[in-house]
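When the letters of the sequence shown are read in order and numbered with numbering that gives the first Met the number 0, they come out as residues 0 to 169.
Note that beta-carbon positions come from the ideal geometry of N, C-alpha and C, so glycine has one too.
Please read these numbers as outputs of a predicted model, since none were measured by experiment.
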Amino acid sequence: MSRLLDLESQNCSLKLVYTLYDALKNDPERVKLTQELTLDETRSHMGLKGTHGLFGSDEWWDSVYTRKIKLKFLSGVITSTYYAGMDSDRRHNSYELKLENGSLHLESFYANNKKDIKMYRVGRKVLIAYAQDELKKDKGRGRYSETPIEIAISYDMVPLVMKSAKSGSR
0 MSRLLDLESQ NCSLKLVYTL YDALKNDPER VKLTQELTLD ETRSHMGLKG
50 THGLFGSDEW WDSVYTRKIK LKFLSGVITS TYYAGMDSDR RHNSYELKLE
100 NGSLHLESFY ANNKKDIKMY RVGRKVLIAY AQDELKKDKG RGRYSETPIE
150 IAISYDMVPL VMKSAKSGSR
């Protein structure tokens with residue numbers, strides 16, 4: 000069940016294929032290493048700032064769901080899938096998403112269940128919720144890490160509905 004994405008009001012049936020919460024349950028080392036980097040004062044330009052709790056902690060999750068941590072939502076249709084990286088198997092692991100405003104967004108495949116990777120197909124709608132967690136300061140500028148929190152994909156192909164520009168009044 001999604002806590003951030005609104006799956007019910009969409010023009011198609013969607014499946015929640017990824018939650019960071021489930022991914023972190025299966026990868027406690029990722030949480031440990033991320034938290035250690037946050038707390039490492041000798042690396043003042045690396046890692047998360049930890050303003051709203053240490054990554055993956057109960058306090059951090061509370062900050063996500065109460066939106067103390069900025070969230071970003073994307074919705075669009077997959078226009079292509081491709082291989083990115085240096086793995087030897089060369090299977091497609093990334094996709095191009097055409098957003099409702101016409102811009103393009105590139106993203107990697109995420110799925111808690113490996114069987115759900117097959118849902119990443121051209122023509123399917125994707126909804127993504129990102130946490131924009133503040134990074135440690137770099138030369139006085141605040142920057143953010145964008146971490147996918149939830150990803151849902153439609154079961155079937157859907158048309159891309161572009162938002163039209165509002166015309167001015169006469």
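Secondary structure at residue 63, three-state DSSP: helix, strand or coil? helix
Could you say if the stretch 125-138 and the stretch 57-76 meet the contact criterion of at least three C-beta pairs nearer than 8 Å? yes
Going by CA-CA distance only, name the one from 93, 113, 115 that's closest to residue 107. 93
Taking residue 46 as the reference, give the member of 57, 22, 34 with the closest Cα. 34
Which listed residue (49, 30, 26) has its alpha carbon closest to that of residue 142: 49
Range covered by the alpha helix (DSSP H) that runs through residue 30: 27-38
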